[in-house]
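A.B. asks: Chains as they are written, first to last, in UniProt numbering: chain A, 1 to 69; chain B, 1 to 69; chain C, 1 to 69; chain D, 1 to 69; chain E, 1 to 69; chain F, 1 to 69.
Sharing a structure below in structure tokens format, with a few things to ask.
Protein chains: 6
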Amino acid sequence: MPYVNIKITREGNVTAAQKASLIKGTTELLRDVLGKDPNTTMVVIDEVDLDNWGIGALPALEFRAQRQK
Amino acid sequence: MPYVNIKITREGNVTAAQKASLIKGTTELLRDVLGKDPNTTMVVIDEVDLDNWGIGALPALEFRAQRQK
Amino acid sequence: MPYVNIKITREGNVTAAQKASLIKGTTELLRDVLGKDPNTTMVVIDEVDLDNWGIGALPALEFRAQRQK
Amino acid sequence: MPYVNIKITREGNVTAAQKASLIKGTTELLRDVLGKDPNTTMVVIDEVDLDNWGIGALPALEFRAQRQK
Amino acid sequence: MPYVNIKITREGNVTAAQKASLIKGTTELLRDVLGKDPNTTMVVIDEVDLDNWGIGALPALEFRAQRQK
Amino acid sequence: MPYVNIKITREGNVTAAQKASLIKGTTELLRDVLGKDPNTTMVVIDEVDLDNWGIGALPALEFRAQRQK
Chain A
1 MPYVNIKITR EGNVTAAQKA SLIKGTTELL RDVLGKDPNT TMVVIDEVDL
51 DNWGIGALPA LEFRAQRQK
Chain B
1 MPYVNIKITR EGNVTAAQKA SLIKGTTELL RDVLGKDPNT TMVVIDEVDL
51 DNWGIGALPA LEFRAQRQK
Chain C
1 MPYVNIKITR EGNVTAAQKA SLIKGTTELL RDVLGKDPNT TMVVIDEVDL
51 DNWGIGALPA LEFRAQRQK
Chain D
1 MPYVNIKITR EGNVTAAQKA SLIKGTTELL RDVLGKDPNT TMVVIDEVDL
51 DNWGIGALPA LEFRAQRQK
Chain E
1 MPYVNIKITR EGNVTAAQKA SLIKGTTELL RDVLGKDPNT TMVVIDEVDL
51 DNWGIGALPA LEFRAQRQK
Chain F
1 MPYVNIKITR EGNVTAAQKA SLIKGTTELL RDVLGKDPNT TMVVIDEVDL
51 DNWGIGALPA LEFRAQRQK
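Structure, rendered in structure tokens:
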């Protein structure tokens with residue numbers, strides 16, 4: 001009965017089909033690796049505004065810009 | 001000083017009064033069962049888009065549709 | 001299909017019966033207030049060491065000691 | 001730069017190799033479905049005591065026992 | 001490689017610059033106190049509607065109103 | 001009334017004093033940047049076993065070993 005929370009940045013218009021692929025993929029991974037029952041596996045996807053995501057002490061967009069230099 | 005996070009699907013227009021009932025109910029439960037002080041009990045409710053919630057390897061709406069067959 | 005996460009301090013030996021009461025209580029609250037199906041309601045309880053919990057800019061035990069003054 | 005949190009029950013001695021498979025599998029899923037960079041994808045696995053996990057208004061073990069009837 | 005999640009109420013128009021300060025501040029705190037590498041430190045900020053945040057068994061705004069009496 | 005969750009790897013014996021510094025530092029950051037009241041700011045620190053933390057599609061220790069090559 002696993003619970004999975006996936007946090008991604010809100011950008012590029014993630015489609016319902018892509019979200020369904022994430023749900024199916026993680027659920028099957030837990031079934032294949034640990035024998036978990038898909039019927040009691042929950043997956044919740046959070047989309048987070050780019051301003052609200054930081055890495056390398058910088059907001060996401062600044063971090064990416066700096067990496068490309 | 002408990003912290004409670006309640007995640008529900010965003011659907012059916014959950015009212016402020018219903019949210020207040022969830023906040024009151026969980027806080028009183030923690031006081032009654034464990035003697036926790038309501039003044040330092042926090043409750044955060046997250047409403048999650050239906051596309052972003054999966055169970056049974058399927059997005060929520062497909063899971064419900066399949067169950068009803 | 002709600003998901004509830006309850007975080008409490010690890011102290012005073014919380015029993016399995018008390019945890020079962022928290023699980024039952026929150027699940028029934030979500031059924032009563034929002035009509036959620038108990039069969040797809042998950043509750044996860046995290047017990048957190050006292051050193052790892054802060055409020056009022058202080059670790060939990062110091063916060064309580066200061067309040068009692 | 002996704003962040004994934006996987007919560008499973010602590011039981012049956014999950015090995016380091018199985019955990020590595022979960023980390024690899026979810027990271028590759030996010031790369032394949034959304035083009036996310038594995039180098040900035042984080043995965044955190046939480047193992048939760050069986051007493052602390054509830055579903056169907058019951059602790060996990062009671063829920064399973066009741067299902068098998 | 002820490003992960004930090006900051007939840008605040010959605011109010012008063014928090015600016016991108018303020019969010020950047022939270023990201024920078026927590027990342028530098030983890031570097032200064034524990035020697036953590038900023039390049040693999042992630043910070044995610046969640047803004048939560050006031051109706052969805054409870055403390056003292058009350059929604060946030062009612063809690064504040066009551067305190068001021 | 002912010003809530004902050006800090007996840008770090010369990011290693012190198014993080015002391016109670018260091019945890020107190022993280023609690024104090026994040027609480028003061030939220031007061032300084034957003035004017036949040038320290039008395040209703042909560043901080044919870046989770047220490048996660050190294051096997052349970054992944055980045056770059058690898059468990060943390062393997063990721064570090066590979067980086068140093």
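For glycine and all other residues, C-beta sits at the position ideal for the given N, C-alpha and C.
Keep in mind the model is a prediction, meaning the values are calculated, not measured.
So what does DSSP say about residue 59 of chain F, is it helix, strand or coil?
C.D. replies: In the sixth sequence, the residue the question calls residue 59 of chain F occupies position 59. Looking at residue 59 of chain F - three-state DSSP - the assignment turns out to be strand.
A.B. asks: Who are the neighbours of residue 22 of chain F on chain E, taking C-beta pairs under 7 Å?
C.D. replies: Numbered from 1 along the sixth sequence, position 22 holds the residue referred to as residue 22 of chain F. 29 and 33, listed in chain order.
A.B. asks: Of all the CB atoms in chain E, is at least one closer than 7 Å to the CB of residue 54 of chain F?
C.D. replies: Sequence index remark: in the sixth sequence, residue 54 of chain F carries index 54 (1-based). Cβ-Cβ to chain E under 7 Å: no for residue 54 of chain F.
A.B. asks: Can you grab the Cα-Cα spacing for the pair residue 10 of chain E / residue 30 of chain E, in whole Å?
C.D. replies: Mapped onto the fifth sequence, residue 10 of chain E falls at position 10. Mapped onto the fifth sequence, residue 30 of chain E falls at position 30. Spanning the two alpha carbons is a distance of roughly 25 Å.
A.B. asks: DSSP on residue 28 of chain F, reduced to helix/strand/coil?
C.D. replies: The count along the sixth sequence starts at 1 and reaches residue 28 of chain F at position 28. Helix.
A.B. asks: Between the segment 19-35 of chain C and the segment 25-39 of chain B, do at least 3 Cβ pairs fall closer than 8 Å?
C.D. replies: yes
A.B. asks: How would you call residue 15 of chain B, buried or exposed, if buried means at least 16 neighbouring beta carbons within 10 angstroms?
C.D. replies: Taking the second sequence and counting its residues from 1, the one referred to as residue 15 of chain B is at position 15. By the neighbour-count rule (16 or more Cβ atoms within 10 Å), residue 15 of chain B is not buried but exposed.
A.B. asks: According to DSSP, is residue 19 of chain B helix, strand or coil?
C.D. replies: As a first step, residue 19 of chain B is located in the second sequence; it is residue number 19 there, counting from the start. Helix.
A.B. asks: Applying the 10 Å Cβ sphere with the 16-neighbour rule, what's the burial state of residue 7 of chain A?
C.D. replies: Looking up residue 7 of chain A in the first sequence gives position 7. By the neighbour-count rule (16 or more Cβ atoms within 10 Å), residue 7 of chain A is buried.
A.B. asks: Would DSSP call residue 52 of chain F helix, strand or coil?
C.D. replies: For the purposes of this step, residue 52 of chain F is taken as residue 52 along the sixth sequence, with counting starting at 1. It is helical.
A.B. asks: By the three-class DSSP mapping on this structure, what secondary structure does residue 41 of chain B have?
C.D. replies: As a first step, residue 41 of chain B must be located in the second sequence, where it is residue number 41. Of the three classes helix, strand and coil, the one that applies to residue 41 of chain B here is coil, per DSSP.
A.B. asks: Using three-state DSSP, classify residue 14 of chain E as helix, strand or coil.
C.D. replies: For the purposes of this step, residue 14 of chain E is identified with residue 14 of the fifth sequence, where counting begins at 1. Three-state result, residue 14 of chain E: coil.
A.B. asks: To the nearest whole angstrom, what separates the beta carbons of residue 46 of chain D and residue 5 of chain D, a pair I think is in contact under 8 Å?
C.D. replies: Locating residue 46 of chain D in the fourth sequence gives position 46, where the first residue counts as 1. Locating residue 5 of chain D in the fourth sequence gives position 5, where the first residue counts as 1. Contact holds; Cβ gap of about 7 Å.
A.B. asks: Does any residue of chain C bring its CB to less than 7 Å from the CB of residue 42 of chain F?
C.D. replies: In the sixth sequence, counting from the first residue as 1, residue 42 of chain F sits at position 42. So, interface residue.
A.B. asks: Along the beta strand (DSSP E) that carries residue 7 of chain F, what are the first and last residues, could you check?
C.D. replies: Position 7 of the sixth sequence, counted from the start, is the residue given in the question as residue 7 of chain F. Run containing residue 7 of chain F: 3-9, per the beta strand (DSSP E) assignment.
A.B. asks: Exposed or buried, which one is residue 13 of chain B when buried takes at least 16 other CB atoms within 10 Å?
C.D. replies: Locating residue 13 of chain B in the second sequence gives position 13, counting from the first residue. Flag for residue 13 of chain B reads exposed.
A.B. asks: Rank C:69, C:40 and C:35 by C-alpha distance to the C-alpha of residue 54 of chain D and give the top, closest one.
C.D. replies: Working through the fourth sequence from its first residue, we reach residue 54 of chain D at position 54. Of the candidates C:69, C:40 and C:35, the one whose C-alpha sits nearest the C-alpha of residue 54 of chain D is C:40.
A.B. asks: Which residues in the same chain have their Cβ closer than 6 Å to the Cβ of residue 43 of chain E, if we skip the five residues on either side of it in sequence?
C.D. replies: Numbered from its first residue, the fifth sequence carries residue 43 of chain E at position 43. Excluding sequence neighbours, residue 43 of chain E sits near 4, 23 and 26.
A.B. asks: Could you confirm whether any beta carbon from chain F is found closer than 7 Å to the beta carbon of residue 8 of chain E?
C.D. replies: As a working mapping, residue 8 of chain E is identified with position 8 in the fifth sequence. Yes, residue 8 of chain E lies at the interface with chain F (some Cβ there is under 7 Å from its Cβ).
A.B. asks: Of all the CB atoms in chain F, is at least one closer than 7 Å to the CB of residue 68 of chain E?
C.D. replies: What you label residue 68 of chain E is simply residue 68 of the fifth sequence in a count that begins at 1. No, because no Cβ of chain F sits closer than 7 Å to the Cβ of residue 68 of chain E.
A.B. asks: Name the chain I residues that come within less than 9 Å of residue 48 of chain B, Cβ to Cβ?
C.D. replies: Within the model displayed, chain I is absent; protein chains A, B, C, D, E and F are what it includes.
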